[in-house]
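Enquirer: Taking our numbering, the leading residue of the sequence shown gets 41, the next gets one more, and so forth. Don't be surprised by glycine CBs; every beta carbon is placed ideally from N, CA and C. I'd like to ask some things about the structure below.
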Amino acid sequence: MYWIITKYLITAAVVVAVSEVAKRSDRLGALLASLPLVTLLALTWLYVEKQPTEKIANHAWYTFWYVVPTLPMFLAFPFLLGRFGFWPALGLSAVITVVCFAAFAVCVKPFGIRLL
Numbered sequence: 041m042y043w044i045i046t047k048y049l050i051t052a053a054v055v056v057a058v059s060e061v062a063k064r065s066d067r068l069g070a071l072l073a074s075l076p077l078v079t080l081l082a083l084t085w086l087y088v089e090k091q092p093t094e095k096i097a098n099h100a101w102y103t104f105w106y107v108v109p110t111l112p113m114f115l116a117f118p119f120l121l122g123r124f125g126f127w128p129a130l131g132l133s134a135v136i137t138v139v140c141f142a143a144f145a146v147c148v149k150p151f152g153i154r155l156l
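Below, the structure written as structure tokens:
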């Protein structure tokens, strides 16, 4: 039980730190947010918990493929934010991400990459 609480506290601290840095510096906050901090933590937790190497490698592999279709959202959100406000822009960005993910999953399936 203490281990799961420790994981929560460390992971939450990273997210809070990134948001606090972002308040002070757009660029530095974005740089930190773009780093795969959560993935690095997840890989660390998997390793420390003695998960099989294959599971750890698969996590990194699939993370790469799941990140690619999320990238258009980062271009769409600033455009939508100025036109519709925060919540609608966030919602539309989420829809764009889902659509891009579904299309991307169909496109990579013939190459043996199964995302769904």
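When we look at the beta-carbon of Ser74 and count the other beta-carbons within 10 Å, is it buried (16 or more) or exposed?
Expert: On the sequence shown, position 34 is the one that residue 74 refers to. Per the 10 Å Cβ criterion, exposed.
Enquirer: Among Met113, Pro109, Leu132, which residue has its Cα nearest to the Cα of Phe144?
Expert: On the sequence shown, position 104 is the one that residue 144 refers to. That would be Pro109, whose Cα lies nearest to the Cα of Phe144.
Enquirer: Identify the continuous alpha helix (DSSP H) that holds Arg123 and give its terminal residues.
Expert: In the sequence shown, the residue the question calls residue 123 occupies position 83. Note, Arg123: alpha helix (DSSP H), 111 to 124.
Enquirer: Near Leu71, which residues of its chain fall below 8 Å by C-beta distance, leaving aside the five closest residues on each side in sequence?
Expert: Working through the sequence shown from its first residue, we reach residue 71 at position 31. Cβ within range, chain order: n/a, list empty.
Enquirer: Return the CA-CA distance between Trp105 and Gly152, expressed in angstroms with no decimal places.
Expert: Here residue 105 corresponds to residue number 65 of the sequence shown, with the count starting at 1. Here residue 152 corresponds to residue number 112 of the sequence shown, with the count starting at 1. Going from the Cα of Trp105 to the Cα of Gly152 covers about 12 Å.
Enquirer: Label Leu120 either buried or exposed according to how many other C-beta atoms from any shown protein chain fall within 10 Å of its C-beta, with 16 as the threshold for buried.
Expert: Looking up residue 120 in the sequence shown gives position 80. Answer is buried; the Cβ neighbour count reaches 16.
Enquirer: Need the endpoints of the alpha helix (DSSP H) that Ser59 sits in, please.
Expert: For the purposes of this step, residue 59 is taken as residue 19 along the sequence shown, with counting starting at 1. Taken as a continuous stretch (DSSP letters only), the alpha helix (DSSP H) holding Ser59 covers 42 to 64.
Enquirer: Below 8 Å CB to CB, which residues in the same chain sit around Leu68 once its five sequence neighbours on both sides are set aside?
Expert: Taking the first residue of the sequence shown as 1, we reach residue 68 at position 28. Result list for Leu68: Val61, Ala62, in chain order.
Enquirer: By how many angstroms is the C-alpha of Leu81 removed from the C-alpha of Trp127?
Expert: Stepping through the sequence shown from its first residue, residue 127 is reached at position 87. Stepping through the sequence shown from its first residue, residue 81 is reached at position 41. If you take the alpha carbons of Trp127 and Leu81, they lie about 29 Å apart.
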